[in-house]
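Undergrad: Numbering (numbering that gives the first Met the number 0), first residue to last: 0 to 63. Submitted below is the structure of interest, expressed as structure tokens.
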Amino acid sequence: MTEKVKKVSLEFVENGPILVKINDRIDAALCRCGYSTNKPFCDGSHSAYGFEAEHKELVIYEEK
Ligand code: FES
0 MTEKVKKVSL
10 EFVENGPILV
20 KINDRIDAAL
30 CRCGYSTNKP
40 FCDGSHSAYG
50 FEAEHKELVI
60 YEEK
């Protein structure tokens, strides 16, 4: 059964990837440091390279 999409959001993890969330569950972790060997996905390399970035959240779509 396909679940209805009620919310789509992005979480920019502090010093880490961009989490694509659907209905508040993580659907994908995208690299934003540029060091992943599995782009566009995060492979954890951001930690080894000391990537620094702020935490942010962005709601793309939310059912009213
Ligand atoms: S953000 Fe994790 S490898 Fe780039």
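Even glycine gets a Cβ: it sits at the ideal position worked out from N, Cα and C.
1. In the DSSP assignment, what residue or residues form a beta bridge with I17?
2. Please determine whether the Cβ atom of P16 lies at a distance below 7 angstroms from any heavy atom of the ligand FES.
3. For a test of your reading of the model: does the CB of D26 fall under 7 angstroms from any non-hydrogen atom of the ligand FES? Yes or no.
4. Could you give the residue range of the beta strand (DSSP E) that holds K55?
5. Going by C-alpha distance, which of D23, I25, S46 and N22 is nearest R31?
TA: Walking through what the data contain:
1. F11 and L29
2. Flag set: Cβ of P16 near the ligand FES.
3. no
4. Bounds of the beta strand (DSSP E) holding K55 are K55 to E61.
5. S46
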